[in-house]
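Engineer: My questions will all concern the structure given below.
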Amino acid sequence: MSNNTQFATKIGLIAATVGSAVGLGNVWRFPVLAQSNGGAAFLLVYIACVFILGIPVMMAEFSLGRGGQSDAVGSFMNVTPCKKWWMVGAIAISASYLILCYYMVVAGWTMEYLWQSITGDLYTTLNSATEIDSTQFALKMKEYIVDDINPLIFTYIMIAANFVVLLCGVKKGIERLSNILMPMLFILLIIFGCVSLSLPKANEGLQFFLNPDFSKINGSVIINAMGQAFFSLSLGMGILITYASYYPKTTILSRTAVTVSLLDMTVAIMMGIIIFPAVTSFGLTGESLEGPSLVFSTLPSIFAQMPLTQLWSTLFFLFLMVAALTSTISIAEVSVAFMQDRFNMKRWKACLIVITPLFIFSSLCSLSQGSLGNMTVMGLTLFDLFDTIATNILLPTASILLCIYMGWIAPKSFFKGELTNYGTVKSRVFNIVLFIVRFVAPVLIATILIAHFIK
Ligand code: PFF
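Remember, this note's numbering sits 81 above the position in the sequence shown when you count from 1.
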């Protein structure tokens, strides 16, 4: 079935796609990786990975989606009807659904922290006799996240919010929301950048993040940077195929890929510029900079030491929640579009079928942080199991196969046609993009996949 939904404006389609890309990956994954992989050296390799790998693969996904005019499975079917390559789309959809189950839980945490910042509860029960440090917030984080009931309530609110936006549709739901939230997100980012740079000792943190030491670059830095580029740009999940199927025929795909990637990279770099000066200014050590504890314990301990604690905390968790919400919506839209297009379903029915199971799966992921923590598979909680299967195995596999498909299986005239809008846009870069998609990207992504197994 061909899909005739479209984004209404150029700004709207960029806002929606950037909304998908900018998420928790930029806010906590990027600074954490930068910290443990040599700071500026990692930043340089990351930028190279985005240009060499991320942008060409994004162009391939956009071309498949816009040309295929359907969901992540249907687009393969429409471009090469007699072949079984639609299975690649099925892998991407499975990966995206697994990710959705636990990403929704983290999105719930961001909302819980926003609520606790607004009410002031995050800061009121601190032991004022002792000096504020991140251990107090680490305990609070345990209290909030390990608790069985509260995280569930906030996760359900997030699931319901996703349902409402998805139900309103692509134009009136996703696009309209992104048009409001994305500018807000960038304004908040600039405010935080200014605050962080005005802190004493900001320079020290900035030096670490922006002064490269090339001796730090090694194989694992490169593998981590490649993995982060894919995660952050939402590649290999069917999101970009699905969103591109809503792009009008006049959209210049190469330009859109560059714009989206640059904006996503800007947010990641800004996060580094915000976090490193703040961490050094408040004398917090490297070990506080790890995964969720960076945003849920290190940063609150910084806010607690600043004037206007509640205001900064509320603004930050609002920022984080917006970033998480627009990403969850894009991940869920992959499955909604699949249901709608493959089974000829009304949108409300597709939304219901995709969203309802989340109440069960996300609950299990949430409880696996608390009372179901003992329930493990291969030593992993359900939360970590979903993450490992999706991001370490399914995403790279889908990306390799997608590159092989666009590089070798789909007609070259199709890929070139979509990237050049069938001759109306100059195609100076097409041959380079094709070379990367055919040879460079599959080999490099396979390296990430193998590296995960060796680890
Ligand atoms: N790109 C978003 C982020 O960086 O958070 C959304 C996302 C993409 C999440 C890919 C997870 C993922 F594996």
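All residues carry an ideal CB built from backbone N, CA and C; glycine is no exception. Since the structure is predicted, the reported quantities are computational estimates derived from the model, not experimental observations.
Find out if the Cβ-Cβ distance for the pair residue 439, residue 181 is shorter than 8 Å.
Structural biologist: Against the sequence shown, residue 439 aligns to sequence position 358. Against the sequence shown, residue 181 aligns to sequence position 100. Yes; because the gap between Cβ atoms is below 8 Å, this pair is in contact.
Engineer: When you compare each of 188, 118, 307 and 298 to residue 446 by their alpha carbons, which one comes out closest?
Structural biologist: Your numbering for residue 446 matches position 365 in the sequence shown. Nearest of 188, 118, 307 and 298 to residue 446, Cα basis: 188.
Engineer: At 3 residues or longer, and completely inside the stretch 379-429: list those beta strand (DSSP E) runs for me, N to C.
Structural biologist: If we require 3 residues or more, the stretch 379-429 turns out to have no beta strand (DSSP E) run fully inside it.
Engineer: Enumerate in chain order the residues of its own chain whose CB-to-CB distance from residue 233 is below 7 Å, with the five nearest sequence positions on each side excluded.
Structural biologist: Here residue 233 is taken as the residue at index 152 of the sequence shown, counted from 1. Taking C-beta separations shorter than 7 Å and ignoring five residues to either side along the sequence, the partners of residue 233 in its chain run 444 and 447, following chain order.
Engineer: Indicate whether the contact test is met: 3 or more Cβ pairs, each with one atom in the stretch 316-336 and one in the stretch 88-100, closer than 8 Å.
Structural biologist: At 8 Å Cβ cutoff, the stretches touch.
Engineer: For residue 122 and residue 431, what's the separation of their Cα atoms in angstroms?
Structural biologist: By 1-based counting over the sequence shown, the position of residue 122 is 41. By 1-based counting over the sequence shown, the position of residue 431 is 350. Whole-angstrom Cα-Cα distance: 45 Å.
Engineer: Tell me, please, which residues DSSP counts as bridged to residue 462.
Structural biologist: Indexing the sequence shown from 1 puts residue 462 at position 381. Answer by DSSP bridge pairing, in chain order: 457.
Engineer: For residue 349 and residue 277, which I take to be in contact (beta-carbon distance under 8 Å), what is that distance rounded to the nearest angstrom?
Structural biologist: Position 268 of the sequence shown, counted from the start, is the residue given in the question as residue 349. Position 196 of the sequence shown, counted from the start, is the residue given in the question as residue 277. Not quite, the Cβ-Cβ distance comes to about 15 Å (not below 8 Å), so this is no contact.
Engineer: Under 8 Å, with one C-beta from each stretch per pair, do the stretch 479-495 and the stretch 266-281 reach the 3-pair mark?
Structural biologist: no
Engineer: Work out the CA separation of residue 381 and residue 392 for me, nearest whole Å.
Structural biologist: Within the sequence shown, the letter at position 311 stands for residue 392. Within the sequence shown, the letter at position 300 stands for residue 381. So the alpha carbons of these two residues sit roughly 12 Å apart.
Engineer: Compare the C-alpha of residue 139 against each of 93, 152, 90 and 340 and name the closest.
Structural biologist: Here residue 139 is taken as the residue at index 58 of the sequence shown, counted from 1. Closest option to residue 139, Cα to Cα, is 340.
Engineer: Please determine, among 120, 522 and 256, the residue with the shortest C-alpha to C-alpha distance to residue 288.
Structural biologist: Taking the sequence shown and counting its residues from 1, the one referred to as residue 288 is at position 207. Ranking 120, 522 and 256 by Cα distance to residue 288 puts 120 first.
Engineer: Assuming residue 312 is part of the alpha helix (DSSP H), what are its boundary residues?
Structural biologist: Looking up residue 312 in the sequence shown gives position 231. First-last of the alpha helix (DSSP H) with residue 312: 300-313.
Engineer: For the putative contact between residue 478 and residue 312, defined by C-beta atoms under 8 Å, what is the C-beta separation to the nearest angstrom?
Structural biologist: Counted from its first residue, the sequence shown places residue 478 at position 397. Counted from its first residue, the sequence shown places residue 312 at position 231. Not really, about 15 Å apart at Cβ, beyond 8 Å.
Engineer: Using DSSP with H/G/I as helix, E/B as strand and the rest coil, what is residue 509?
Structural biologist: As a position in the sequence shown, residue 509 is number 428, starting the count at 1. Coil at residue 509, not helix or strand.
Engineer: Our contact map puts residue 159 next to residue 193 with C-beta atoms below 8 Å; I'd like the distance itself, whole angstroms only.
Structural biologist: In the sequence shown, counting from the first residue as 1, residue 159 sits at position 78. In the sequence shown, counting from the first residue as 1, residue 193 sits at position 112. Not quite, the Cβ-Cβ distance comes to about 42 Å (not below 8 Å), so this is no contact.
Engineer: Below 8 Å on the Cβ atoms is my contact criterion, and I expect residue 141 with residue 518 to pass it. Report the Cβ-Cβ distance as a whole number of Å.
Structural biologist: As a first step, residue 141 must be located in the sequence shown, where it is residue number 60. As a first step, residue 518 must be located in the sequence shown, where it is residue number 437. Confirmed, Cβ separation roughly 5 Å.
Engineer: Quick check: does the Cβ of residue 372 come within less than 7 Å of any heavy atom belonging to the ligand PFF?
Structural biologist: Translated into positions along the sequence shown, residue 372 becomes position 291. No, the ligand PFF has no heavy atom inside 7 Å of this Cβ.
Engineer: Between residue 504 and the ligand PFF, is the CB less than 7 Å from at least one heavy atom?
Structural biologist: Mapped onto the sequence shown, residue 504 falls at position 423. Not under cutoff, so the answer is no.
Engineer: Measure how close the beta-carbons of residue 273 and residue 199 come, nearest whole angstrom, since I'm counting them as under 8 Å.
Structural biologist: To locate residue 273, count along the sequence shown from 1; it is residue 192. To locate residue 199, count along the sequence shown from 1; it is residue 118. That pair is no contact at about 18 Å.
Engineer: Within its chain, find whatever has a CB closer than 7 Å to the CB of residue 470; leave out the 5 residues flanking it on each side and keep chain order.
Structural biologist: Residue mapping note: residue 470 aligns to position 389 of the sequence shown, counting from 1. Only 179 meet the Cβ criterion.
Engineer: Closest to residue 106 by CA distance: which of 168, 442, 416 and 401 is it?
Structural biologist: Locating residue 106 in the sequence shown gives position 25, where the first residue counts as 1. Minimum Cα distance to residue 106 is reached at 401.
Engineer: Which residues in the same chain have their Cβ closer than 6 Å to the Cβ of residue 467, if we skip the five residues on either side of it in sequence?
Structural biologist: Stepping through the sequence shown from its first residue, residue 467 is reached at position 386. Same-chain partners within the cutoff: 179, 182 and 183.
Engineer: Kindly indicate the opening and closing residues of the alpha helix (DSSP H) around residue 178.
Structural biologist: On the sequence shown, residue 178 is found 97 positions in, with the first residue counted as 1. Looking at the DSSP string, the run of the alpha helix (DSSP H) that includes residue 178 is 167-200.
Engineer: Hey, is residue 192 close to the ligand PFF, as in C-beta under 7 Å from one of its heavy atoms?
Structural biologist: By one-based count along the sequence shown, residue 192 stands at place 111. No, the ligand PFF has no heavy atom inside 7 Å of this Cβ.
Engineer: Do the stretch 400-414 and the stretch 260-274 make contact, defined as three or more Cβ pairs closer than 8 Å?
Structural biologist: yes
Engineer: Out of curiosity, what's the CA-to-CA distance linking residue 571 and residue 124?
Structural biologist: Beyond the ends of the chain as shown, which are 82 and 536, falls residue 571; an answer cannot be given.
Engineer: Quick check: what's the CA-CA separation for residue 86 versus residue 244?
Structural biologist: As a position in the sequence shown, residue 86 is number 5, starting the count at 1. As a position in the sequence shown, residue 244 is number 163, starting the count at 1. So the alpha carbons of these two residues sit roughly 18 Å apart.
Engineer: When you compare the CB positions of residue 408 and residue 435, do they come within less than 8 Å of one another, or not?
Structural biologist: To locate residue 408, count along the sequence shown from 1; it is residue 327. To locate residue 435, count along the sequence shown from 1; it is residue 354. No. Outside cutoff.
Engineer: Considering only C-alpha positions, which residue in the set 218, 419 and 525 is nearest to residue 167?
Structural biologist: In the sequence shown, counting from the first residue as 1, residue 167 sits at position 86. Minimum Cα distance to residue 167 is reached at 419.
Engineer: What three-state label does DSSP hand residue 290 in the structure shown?
Structural biologist: On the sequence shown, residue 290 is found 209 positions in, with the first residue counted as 1. When DSSP states are grouped into helix, strand and coil, residue 290 belongs to the helix group.
Engineer: Buried or exposed, going by whether 16 or more other CB atoms sit within 10 Å of the CB of residue 177?
Structural biologist: The count along the sequence shown starts at 1 and reaches residue 177 at position 96. When all chains shown are included, residue 177 counts as buried.
Engineer: Quick one: complete beta strand (DSSP E) runs, 3+ long, within the stretch 104-129?
Structural biologist: none
Engineer: Tell me which residues share the same chain as residue 297 and place their Cβ nearer than 6 Å to its Cβ, disregarding the 5 neighbours each side in the sequence.
Structural biologist: By 1-based counting over the sequence shown, the position of residue 297 is 216. 119 and 122.
Engineer: My guess is that residue 344 and residue 135 are in contact by the Cβ rule of under 8 Å, so how many angstroms apart are they, rounded?
Structural biologist: The count along the sequence shown starts at 1 and reaches residue 344 at position 263. The count along the sequence shown starts at 1 and reaches residue 135 at position 54. Incorrect: roughly 12 Å between the Cβ atoms, too far for contact.
Engineer: May I have the straight-line CA-CA distance separating residue 498 from residue 504, to the nearest angstrom?
Structural biologist: Counting from 1 along the sequence shown, the entry for residue 498 is found at position 417. Counting from 1 along the sequence shown, the entry for residue 504 is found at position 423. The straight-line gap from Cα to Cα measures roughly 7 Å.
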